[in-house]
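Take the position in the sequence shown, starting the count at 1, then add 23; the result is the number in this note's numbering.
A virtual CB, placed ideally from N, CA and C, is assigned to each residue, including glycine.
Right, one structure below, let's go through it.
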Amino acid sequence: MTDKYAQLVHHGVGRNVAKKLGLPQPAALRRYQPGQPLITGPVLVQGNSADADNLAAELLSWDLDVRRHAVPREKLGAIILALDEVASPGDLEKPILTAAASLRDLAPGGRVVTVSRPASEADSPAAAAARQGIDGFLRSLAKELRGGATGNGIVLRQGVQATSASSLAALRFFLSGRSAFVDGQFITVSSASGEPARDVDQPLAGKIAVVTGAARGIGAAIARTLHRDGATLILVDVPAAGDQLAAVANEVRGTALQLDISRDDAGQRIIGHAAQRHGRLDIMVHNAGITRDKLLANMDHSKWSSVIGINITAQLRINEALLASEHFRESPRIVSVASTSGIAGNRGQTNYAASKAGVMGMVRASAPLLAAHGGSINAVAPGFIETEMTARIPFAVREIGRRLNSLQQGGRPTDVAETIAFLASDAAAGINGEVLRVCGQNMVGA
Ligand code: NAD
């Protein structure tokens, strides 16, 4: 659905009124188009560590215009801030205030990306404080950026270099229009595994992928995005959505599998379909989900159990079947759709939030199982996304949901899809057990 307010405040009288009253004027976000430049304008790489030098060299090999020092009043596409060697809170000031001097030169749709190490692996309380400080710094900076610019961070666990395949994949994702609605977030790279993409515009070439709930909304967008990125698709939805499912499957030249994922044999049906047609399955995207909102005082068995059954129990059961199958063994990828409701909580959604928080718990606990086969499992937690689901929310509540994030607008299904495609790619193999929010830095709750 369209965001009429956002259109109104960018033209004629609407623009003047919004300016005078100090109303939000959401910027048009820079979204990915195949073949477009990764970023427009020079990239400033700040920091004196070896990682900063190596990153600058790597970015030069991507044909980017790289600066190691700011040129006064030059418009910048991105600022990369290597903070991987901070040992005490006092170490933060110099690099951060140096970057601050360039912030006014950041172009609309620009990017700030920090590179740091986890506080949990620091060898002293002072180092942990400095590393954790980056968290608060970056999340606050992201709230100050304007013009559709975003701020995100990459956290490298011990033994992972800034130039490992997955660190570079995360950096490429954050710099590109693929991450348009990801703001104020950190991605932890936990291992050096992963292979750089041979073709950055077709990172899923040759992959066989299943998407559940693909007949409409976010699921249909995931199908289109994975297809654009080179994957061959199997699309799953309930029999009642069969016609819509067939239409999407035709569009992406995939096959349709009419299946209620809460059936006991759903996992076997999925793996059977993939094995019969393609001999294997590489990527499983758990997107199907439902809401049955009610205040807890009015909650009944059917509303509680259907939401838990479809949103989390079905995923657990399907994953168990997939992991037991010899057809899901070569660098298998699972990406689940959670929700920011599962992080912050949401009035009227005790059942939904329990199911989505459950997805995050499942993902974290399953990461070692997938790593054993060179694979990964991650979750994407969307905030307010413009779909049929959110179109049904009453106007006033919908406006609050839309505006109360750093980008002052709802995301699009394609924003969730881009993040899923990134996490499903071979280059992202070193990212495992993570939850990445696609919420424009939602300010409600956590
Ligand atoms: P949607 O209702 O438009 O689409 C969901 C699809 O899942 C439908 O096609 C539906 O038929 C299918 N589905 C439902 N139950 C199924 C079952 N038992 N078996 C197979 N398919 C089934 O929803 P959407 O807005 O596109 O949401 C997609 C996912 O994103 C859901 O998991 C949802 O919880 C999550 N999400 C959405 C938002 C948002 O703002 N729209 C925010 C956070 C999370």
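DSSP state of residue i mapped onto helix, strand, coil
{"i": "F351", "result": "coil"}
{"i": "D88", "result": "coil"}
{"i": "T336", "result": "helix"}
{"i": "S12", "result": "Outside the shown range of the chain (24 to 469) lies residue 12, about which nothing can therefore be said."}
{"i": "T363", "result": "coil"}
{"i": "P405", "result": "strand"}
{"i": "M322", "result": "coil"}
{"i": "D260", "result": "strand"}
{"i": "G253", "result": "coil"}
{"i": "T314", "result": "coil"}
{"i": "V382", "result": "helix"}
{"i": "A469", "result": "Low confidence applies here, because A469 scores a pLDDT of 40, under 50, leaving its location unreliable; read the following figure in that light. DSSP places A469 in coil when its eight states are reduced to three."}
{"i": "A185", "result": "coil"}
{"i": "G240", "result": "helix"}
{"i": "L83", "result": "helix"}
{"i": "I231", "result": "strand"}
{"i": "R96", "result": "coil"}
{"i": "N374", "result": "helix"}
{"i": "Q155", "result": "helix"}
{"i": "G176", "result": "strand"}
{"i": "R460", "result": "strand"}
{"i": "A105", "result": "strand"}
{"i": "R53", "result": "coil"}
{"i": "R356", "result": "strand"}
{"i": "Q59", "result": "coil"}
{"i": "L191", "result": "helix"}
{"i": "L168", "result": "coil"}
Outcome for residue i when other beta-carbon atoms lying within 10 angstroms are tallied against a minimum of 16
{"i": "K27", "result": "exposed"}
{"i": "I423", "result": "exposed"}
{"i": "N342", "result": "buried"}
{"i": "S163", "result": "exposed"}
{"i": "Q542", "result": "Not covered by the structure: residue 542. The range shown for the chain is 24 to 469."}
{"i": "R340", "result": "buried"}
{"i": "N321", "result": "exposed"}
{"i": "G156", "result": "buried"}
{"i": "G365", "result": "buried"}
{"i": "E16", "result": "As displayed, the chain neither begins before 24 nor continues past 469, which places residue 16 out of reach and without an answer."}
{"i": "D222", "result": "exposed"}
{"i": "S190", "result": "buried"}
{"i": "N428", "result": "buried"}
{"i": "C276", "result": "The sequence shown places Arg at residue 276, rather than the Cys named in the question. It is exposed - the Cβ of R276 has fewer than 16 other Cβ atoms within 10 Å."}
{"i": "V420", "result": "exposed"}
{"i": "N455", "result": "buried"}
{"i": "G434", "result": "buried"}
{"i": "P118", "result": "buried"}
{"i": "Q432", "result": "buried"}
{"i": "H396", "result": "exposed"}
{"i": "P436", "result": "buried"}
Residue i beta carbon near the ligand NAD (any heavy atom closer than 7 Å)
{"i": "D114", "result": "no"}
{"i": "V271", "result": "no"}
{"i": "A238", "result": "yes"}
{"i": "G312", "result": "yes"}
{"i": "G456", "result": "no"}
{"i": "G170", "result": "no"}
{"i": "I423", "result": "no"}
{"i": "D316", "result": "no"}
{"i": "E411", "result": "yes"}
{"i": "V259", "result": "yes"}
{"i": "A264", "result": "yes"}
{"i": "P226", "result": "no"}
{"i": "P60", "result": "no"}
{"i": "P355", "result": "no"}
{"i": "D128", "result": "no"}
{"i": "I284", "result": "yes"}
{"i": "S328", "result": "no"}
{"i": "I333", "result": "yes"}
{"i": "S362", "result": "yes"}
{"i": "I341", "result": "no"}
{"i": "I366", "result": "no"}
{"i": "P405", "result": "yes"}
{"i": "I408", "result": "yes"}
{"i": "T235", "result": "yes"}
Cutoff 8 Å: residue i Cβ touching any chain B Cβ
{"i": "G368", "result": "In the structure shown, chain B cannot be found, because there is only a single protein chain."}
Contact test: residue i Cβ vs the ligand PLP heavy atom, cutoff 7 Å
{"i": "G242", "result": "No copy of the ligand PLP appears in this structure; the ligands present are the ligand NAD."}
Item to check | Ranges of the beta strand (DSSP E) found wholly within the stretch 204-229, counting only runs of at least 3 | outcome: 209-212
Item to check | Segments of 3+ residues assigned as beta strand (DSSP E) that fall wholly inside the stretch 115-152 | outcome: 129-139
Checklist entry - In the stretch 395-456, which residue ranges form an unbroken beta strand (DSSP E) of at least 3 residues, counting only runs that do not cross its ends? => result 399-405
Checklist entry - Taking only runs of the beta strand (DSSP E) that begin and end inside the stretch 267-311, which ones reach a length of at least 3 residues, in chain order? => result 278-281, 306-309
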